Structures are given as structure tokens and as C-alpha cells.
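Chains as they are written, first to last, in my numbering: chain C, 2 to 448; chain X, 12 to 99.
Cβ coordinates follow ideal geometry from the N, Cα and C atoms, glycine included.
In this text, all values refer to a predicted model and were calculated from it rather than measured experimentally.
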Amino acid sequence: METNSILETIQMISEEKLDIRTITMGISLIDCIDSDGKKARQKIYDKLTTKAKDLVKVADEIQSEYGIPIVNKRISVTPISIIAAASDDKDYVAYAKTMDQAAKELGVDLIGGFSALVQKGYQTGDETLIQSIPQALTETERVCGSVNVGSTRSGINLDAVKQMGHVIKDLAKEDPVNCMSLVVFANAVEDNPFMAGAFHGVGEADCVINVGISGPGVVKRALEQVKGQPIDKVSETIKKTAFKVTRMGQFVGNIASKALNVPFGIVDLSLAPTPNEGDSVAEILEEIGLESVGAPGTTAALALLNDAVKKGGVMACEHVGGLSGAFIPVSEDAEMIRAVTKGNLNIEKLEAMTAVCSVGLDMIAIPGDTTAETISGMIADESAIGVINNKTTAVRIIPDTGKKVGDTVEFGGLFGQAPVMPVNTNSPADFIHRGGHIPSPIHSFKN
Amino acid sequence: MKAILTVFGKDHTGIVAKVSNKLSELDINIIDISQTLMHGNFTMMMMVEIPDTSDFDSVKDKFEQLGKDTNLDIHVQRQEIFDATQKL
Numbered sequence: 002m003e004t005n006s007i008l009e010t011i012q013m014i015s016e017e018k019l020d021i022r023t024i025t026m027g028i029s030l031i032d033c034i035d036s037d038g039k040k041a042r043q044k045i046y047d048k049l050t051t052k053a054k055d056l057v058k059v060a061d062e063i064q065s066e067y068g069i070p071i072v073n074k075r076i077s078v079t080p081i082s083i084i085a086a087a088s089d090d091k092d093y094v095a096y097a098k099t100m101d102q103a104a105k106e107l108g109v110d111l112i113g114g115f116s117a118l119v120q121k122g123y124q125t126g127d128e129t130l131i132q133s134i135p136q137a138l139t140e141t142e143r144v145c146g147s148v149n150v151g152s153t154r155s156g157i158n159l160d161a162v163k164q165m166g167h168v169i170k171d172l173a174k175e176d177p178v179n180c181m182s183l184v185v186f187a188n189a190v191e192d193n194p195f196m197a198g199a200f201h202g203v204g205e206a207d208c209v210i211n212v213g214i215s216g217p218g219v220v221k222r223a224l225e226q227v228k229g230q231p232i233d234k235v236s237e238t239i240k241k242t243a244f245k246v247t248r249m250g251q252f253v254g255n256i257a258s259k260a261l262n263v264p265f266g267i268v269d270l271s272l273a274p275t276p277n278e279g280d281s282v283a284e285i286l287e288e289i290g291l292e293s294v295g296a297p298g299t300t301a302a303l304a305l306l307n308d309a310v311k312k313g314g315v316m317a318c319e320h321v322g323g324l325s326g327a328f329i330p331v332s333e334d335a336e337m338i339r340a341v342t343k344g345n346l347n348i349e350k351l352e353a354m355t356a357v358c359s360v361g362l363d364m365i366a367i368p369g370d371t372t373a374e375t376i377s378g379m380i381a382d383e384s385a386i387g388v389i390n391n392k393t394t395a396v397r398i399i400p401d402t403g404k405k406v407g408d409t410v411e412f413g414g415l416f417g418q419a420p421v422m423p424v425n426t427n428s429p430a431d432f433i434h435r436g437g438h439i440p441s442p443i444h445s446f447k448n
Numbered sequence: 012m013k014a015i016l017t018v019f020g021k022d023h024t025g026i027v028a029k030v031s032n033k034l035s036e037l038d039i040n041i042i043d044i045s046q047t048l049m050h051g052n053f054t055m056m057m058m059v060e061i062p063d064t065s066d067f068d069s070v071k072d073k074f075e076q077l078g079k080d081t082n083l084d085i086h087v088q089r090q091e092i093f094d095a096t097q098k099l
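This is the structure:
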């Protein structure tokens with residue numbers, strides 16, 4: 002009996018808050034397509050409630066028997082714009098309601114895939130889906146949506162960027178908190194288990210299990226042991242820690258996959274913070290040696306963290322996927338919130354950070370009077386960072402009606418609270434209104 | 012199935028006896044024991060064999076209850092989780 006290993010594992014779980022953030026079952030809905038929307042929705046409901054009927058039970062059993070917390074049980078589905086396109090439905094809100102109903106019946110926390118992929122142009126169904134987003138996400142509880150507006154291979158669809166600025170404003174009008182269920186992507190990945198951006202790609206198997214694992218606290222604690230040592234040692238320590246954490250994801254994914262008789266897809270090790278003390282990515286950056294996140298050096302420290310997490314994770318499991326890196330959502334990270342409140346961190350610095358970590362401008366509250374064009378400008382900038390750097394970027398921002406800089410938006414629970422951050426008020430309207438398509442970068446032509 | 016039972020808390024008399032009695036009562040065999048004081052705290056780890064006929068959740072609940080009664084932190088977890096993070 003290796004007592005030190007046992008103690009270390011127990012400490013990682015109980016004190017350093019290592020958890021399986023999500024077991025996400027990806028389910029293809031391609032075989033539910035029907036020209037009669039009503040029939041299609043019935044097929045979707047039946048497939049979801051059949052394939053995922055044991056998901057929550059199995060996850061709860063794993064949590065109980067192995068003592069590792071499994072925070073969320075989720076489902077991702079084929080982008081609904083593809084599934085609903087064959088019908089002549091005028092809006093797709095009913096599809097979102099079907100997803101929501103199935104999620105409630107199954108007891109899963111979130112269901113993602115109210116999505117459209119429009120990086121190069123709109124197909125039948127894409128326009129209808131995007132127009133349905135504000136109502137669909139307002140009238141459902143557990144549904145998440147995403148729209149991919151750019152890719153390295155295809156460039157950036159500026160028409161979609163423009164439209165998404167309005168969609169986010171419309172969604173916020175109903176209730177700003179709904180905005181946390183919508184992500185605008187560039188280079189969206191098809192096997193991401195994390196919400197709100199999870200959807201089940203068309204190239205995936207019919208049904209797979211993907212696991213998202215998190216543990217910023219474990220990394221922070223490990224770095225406390227190498228204070229003052231050269232940065233190479235920091236990188237090495239993060240790699241070793243990421244390896245151990247990812248092994249846990251691989252282990253749980255294997256068990257879940259066997260118990261559910263569904264192929265195991267990928268493990269996504271993403272350091273995803275929660276508002277709980279000691280579960281913060283910003284604290285890792287400060288442990289590396291920054292007085293506050295946002296200080297000069299933040300981008301370099303984050304680049305090192307993101308890279309070392311990937312290197313440790315790749316060796317630890319059969320298939321790494323999803324986003325795998327460090328998340329920097331403002332509202333979900335207690336130290337990030339403090340840095341914003343003290344004026345140490347602004348949107349421009351966050352944007353720079355997104356060039357080197359695994360996501361984008363995430364869970365950021367902005368003043369309610371921010372125009373749709375300015376939001377589109379922010380989406381365009383993030384997309385450009387993703388497209389040029391061949392990485393995923395995303396925008397999940399909350400323009401809270403009536404709120405101004407200094408106010409706070411409350412999301413509750415794991416989603417925390419976001420201080421409203423100032424946005425540059427110079428207008429990008431003429432640029433956004435040009436519409437059209439930003440061509441793909443020269444380095445995308447690799448054939 | 013093999014499981015690891017861990018006991019942490021303030022040292023006092025009769026801890027090993029109470030835990031062992033409960034194990035015996037539940038027909039659970041002890042395979043290995045390690046016990047020490049860490050920073051003045053009682054720390055014990057046991058590898059045990061839970062009969063396949065036993066209900067894991069009920070065993071776990073009984074030890075959690077024993078933990079509450081004796082003011083100790085007692086956990087039962089399947090053994091494989093500990094190999095998962097440490098071994099290739």
C-alpha cells in the first residue's frame with residue numbers, strides 16, 4: 002500500500018479541489034432529421050432519453066465509489082441548424098424546448114448544440130437558428146448555444162459577426178444572465194465537453210463520452226513548492242501536475258465509457274476556475290510571480306501555463322481533445338474578479354491573454370449601453386486572433402442593460418459575479434456594416 | 012472489491028478498535044494497515060476487501076456515520092482511483 006500516493010490523491014481532491022468538471026455525452030442527431038419538424042423533435046427526444054438514460058446514474062455511482070466529485074453531467078448534440086434545416090419551421094425555438102425537456106427528464110445539468118457553423122457562409126437553417134437564439138435561450142433553462150463565425154481555413158464571416166452583435170444585445174434585453182449560455186467561436190472544436198460551447202461535430206461517432214477535468218488548485222499548490230526557482234522548473238512542475246490530473250480524467254472516462262457501453266472520446270484538461278477560494282487560474286499566474294494578474298508579464302506566464310498543461314496532459318491519456326489549456330473567465334475566478342475591481346486588469350489585457358490560452362473573452366460584463374457594433378468589433382478581434390494563430394477563440398460577454406462600469410452582475414453558483422468592465426467607445430460601425438467575408442490567412446493554404 | 016479506507020482526525024483511544032469492529036461486523040477483511048501521527052493528527056489507511064455481495068453505498072454510509080460519532084474523517088474509496096494518478 003503506497004501511503005504517500007494515497008495521501009497525495011486525497012489531498013488533491015479534498016483540499017485542492019480537483020474535480021471531474023463534466024462527463025459530457027456527445028450524441029449525433031443526424032438520424033433524427035425529418036421534413037416534419039414535429040416528427041424530428043420526437044425522434045430527438047426519444048434518442049436523447051434512450052442514449053443518455055443512465056448517464057446521471059453512472060456518474061453518481063463513480064462519484065460515490067471512487068470519491069472523486071463529478072460536478073456536471075452534460076449532453077452535446079449535432080448543431081441544430083443542420084438537424085432542423087430539412088423542416089419548414091419558421092423558427093427553431095421548439096427544438097431548444099425539446100432539448101431542455103430531455104435534459105430535465107434525464108437530470109443532466111446542461112445540453113449544448115443549439116448551434117450553427119457559419120464561418121464561410123449561411124446554409125438553409127443557419128439564419129433561422131441564429132434568429133431563434135434570443136427566444137430559445139430565454140425560454141429554456143439548460144440549453145446552451147454557440148455560433149462559429151470564423152476558422153483559419155475559411156476566414157471570418159463578417160455578416161455573421163455583425164448579426165451576433167445584435168443577437169447578444171437581444172438576448173441581454175430579456176435577461177443579461179442568459180448571455181452566459183451563448184458563445185461566439187472562431188475555430189470551434191467538435192469534441193469540446195465544456196459549456197456553453199459544446200456541440201457534437203458531424204465527424205464524430207454516433208455517441209461518445211468526453212470528459213472535462215479541472216484542478217487549478219492542484220497546480221497552485223504544486224507551484225508553492227518551487228518558489229524562487231527558475232521558470233523551467235515552473236514549467237516542469239505544471240507538466241507533472243497536469244499529468245496526474247489528466248490521468249484521473251482518463252480513468253473516470255474509461256469507467257464511464259464501459260459502464261455506459263459508449264466509446265470513450267477525449268479527455269479535456271482545462272484549468273477551469275470556480276469562484277471558490279483556491280480554485281483560481283489567476284492565483285496560479287500570481288504564484289508564478291506577478292503582483293496581480295494583469296501586470297506586464299501576465300501574457301507570458303499564461304502562455305507557459307497553457308503550454309505546460311497541454312504537454313502534461315498529452316502523455317497522460319489516449320486521446321486529448323476539446324480545448325485543453327487554461328480558461329480565464331472573469332466572473333468564475335475570485336482572483337480575476339478582485340483584479341478587475343482593483344483596476345489591475347482590463348479588457349485589452351484579457352484580449353492579449355486570449356492569444357495564448359485556450360479560449361477567449363469569457364464571462365465578461367460590459368456596460369448596457371455598449372452598441373451591437375462594438376460587440377461585433379470585439380467578436381471580430383477575437384476571431385482574428387483565433388484565425389491567425391490557428392487556435393480556438395470565443396466571446397461570451399454580458400452587456401447588462403442599465404448597468405455601468407463599477408456595477409456588478411450576479412450569475413450565482415459556479416458562474417460567480419462579474420464586475421462591469423469599461424469598453425473602448427470609439428465606434429467600429431462602418432467597418433462592421435461593410436459586411437462580407439475576411440479571407441482566410443495565407444498560412445491556411447497547406448495543401 | 013478492494014477499497015482504501017482512510018481515517019483522519021484528533022488522536023484518542025479506541026480508534027483502531029472501533030474501525031476494526033465495524034469492518035468485522037460488515038464482514039470486510041483487512042489486507043493491509045498503515046497508521047501514523049501526522050502533525051499530531053491520527054492518520055490511518057487500510058486496504059480492505061469488501062465482499063461482492065455488499066452494497067458499497069451502504070458500507071460507505073456506515074463509515075461516514077462512524078466518523079461523525081467518533082469525531083473523525085473517514086472515507087472509503089475504491090482502490091483503483093489511487094493507482095490512476097500515480098502509475099502508468
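Local conformation of residue i per DSSP, three classes
i: Ile45/C; result: helix
i: Pro368/C; result: strand
i: Arg75/C; result: strand
i: Gln12/C; result: helix
i: Ser45/X; result: strand
i: Ile39/X; result: coil
i: His438/C; result: strand
i: Cys208/C; result: strand
i: Asn5/C; result: helix
i: Pro400/C; result: strand
i: Met316/C; result: helix
i: Lys121/C; result: coil
i: Lys21/X; result: strand
i: Ser88/C; result: coil
i: Ala328/C; result: Reading the sequence as shown, one finds Phe at residue 328/C and not Ala. Three-state DSSP puts Phe328/C in coil, outside helix and strand.
i: Ser22/C; result: Reading the sequence as shown, one finds Arg at residue 22/C and not Ser. Arg22/C: strand per DSSP, three-state reduction.
i: Val294/C; result: coil
i: Phe53/X; result: strand
i: Gly322/C; result: coil
Contact with chain D by residue i, beta-carbon distance below 8 Å
i: Gly436/C; result: The chain inventory of the structure shown lacks chain D, comprising the protein chains C and X.
Neighbour list for residue i in chain C, Cβ cutoff strictly below 7 Å
i: Phe74/X; result: By Cβ distance, chain C contributes nothing, its closest Cβ being about 12 Å from Phe74/X, past 7 Å.
i: Ile15/X; result: Ile7
i: Lys71/X; result: Ser65
Neighbour list for residue i in chain C, Cβ cutoff strictly below 9 Å
i: Asp68/X; result: Glu62, Ser65 and Glu66
i: Lys21/X; result: Result: empty, since nearest Cβ-Cβ is about 17 Å, beyond 9 Å.
i: His86/X; result: Ile11, Ser15 and Gly68
Where residue i meets chain X, residues with beta-carbon distance less than 8 Å
i: Arg22/C; result: Going along chain X, no residue has its Cβ under 8 Å from Arg22/C, so there is no contact; the nearest lies around 16 Å.
i: Lys245/C; result: Thr96 and Gln97
i: Ile239/C; result: Within chain X, no residue comes near Ile239/C; the closest Cβ sits about 16 Å away, beyond 8 Å.
Range of the contiguous beta strand (DSSP E) that encloses residue i
i: Lys240/C; result: Lys240/C -> not in any beta strand (DSSP E); alpha helix (DSSP H) instead, spanning Ile232 to Leu261.
i: Phe115/C; result: Leu111 to Leu118
i: Met422/C; result: Note, Met422/C: premise wrong, no beta strand (DSSP E); not H, not E.
i: Ser271/C; result: Phe265 to Leu272
i: Asp84/X; result: Leu83 to Arg89
i: Gly146/C; result: Val144 to Ser152
i: Thr409/C; result: Thr409 to Glu411
Where the alpha helix (DSSP H) through residue i begins and ends
i: Lys29/X; result: Ile26 to Glu36
i: Arg339/C; result: Ala335 to Thr342
i: Ser65/C; result: Leu56 to Tyr67
i: Met1/C; result: Given that chain C is displayed from residue 2 to residue 448, the structure contains no residue 1/C and the question cannot be resolved.
i: Glu1/C; result: Here chain C comprises residues numbered 2 to 448, so residue 1/C is not present and cannot be evaluated.
i: Ile169/C; result: Leu159 to Glu175
i: Pro70/C; result: It is not in any alpha helix (DSSP H) - Pro70/C carries neither H nor E in the DSSP assignment.
Contact set between residue i and chain C, taken where Cβ atoms lie within less than 8 Å
i: Asp43/X; result: Met2
i: Ile26/X; result: What Ile26/X touches in chain C: nothing, since even the nearest Cβ is about 17 Å away.
9 Å Cβ cut-off: residues of chain X touching residue i
i: Ser6/C; result: Phe93, Asp94, Thr96, Gln97 and Lys98
i: Phe252/C; result: Glu91, Ile92, Asp94, Ala95 and Thr96
Contact list for residue i against chain X, beta-carbon separation under 7 Å
i: Arg248/C; result: Ala95 and Thr96
i: Phe412/C; result: The contacting residues do not exist; Phe412/C stays about 32 Å from chain X at best.
How do the region 345-356 of chain C and the region 307-320 of chain C stand: do at least 3 beta-carbon pairs fall below 8 Å, yes or no? Result no; under three Cβ-Cβ pairs closer than 8 Å.
What ranges does the beta strand (DSSP E) occupy inside the region 348-396 of chain C, keeping only unbroken runs of at least 3 residues that lie completely in it? Entirely contained in the region 348-396 of chain C, the beta strand (DSSP E) runs reaching 3 residues are, in chain order, 362-368.
Three CB pairs or more closer than 8 Å across the region 106-117 of chain C and the region 73-89 of chain C: The region 106-117 of chain C, when compared against the region 73-89 of chain C, does touch it at the 8 Å Cβ threshold.
For the structure I just gave you, are there three or more beta carbon pairs, one from the region 317-330 of chain C and one from the region 357-373 of chain C, closer than 8 Å? Enough Cβ pairs lie closer than 8 Å, so yes.
Decide yes or no for the touch test of the region 280-292 of chain C against the region 208-217 of chain C: beta carbon pairs closer than 8 Å, at least 3 of them. The way I'd put it, the region 280-292 of chain C does touch the region 208-217 of chain C; three or more beta-carbon pairs between them come closer than 8 Å.
The region 40-50 of chain C touching the region 247-263 of chain C, judged by at least three CB pairs closer than 8 Å: No, because fewer than three Cβ pairs between the region 40-50 of chain C and the region 247-263 of chain C fall closer than 8 Å, the two stretches do not touch.
Would you call the region 163-182 of chain C in contact with the region 375-390 of chain C, where contact means no fewer than 3 C-beta pairs closer than 8 Å? Taking 8 Å as the limit for Cβ pairs, the verdict is that the region 375-390 of chain C does touch the region 163-182 of chain C.
May I ask you to verify whether the region 91-98 of chain C touches the region 51-69 of chain C, counting CB pairs closer than 8 Å and requiring at least 3? Remark: fewer than three beta-carbon pairs, one from each stretch, lie closer than 8 Å, so the region 91-98 of chain C and the region 51-69 of chain C are not flagged as touching.
Between the region 23-36 of chain C and the region 218-235 of chain C, do three or more beta carbon pairs fall short of 8 Å? Judged by pairs of C-beta atoms under 8 Å, the region 23-36 of chain C does not touch the region 218-235 of chain C, as fewer than three such pairs exist.
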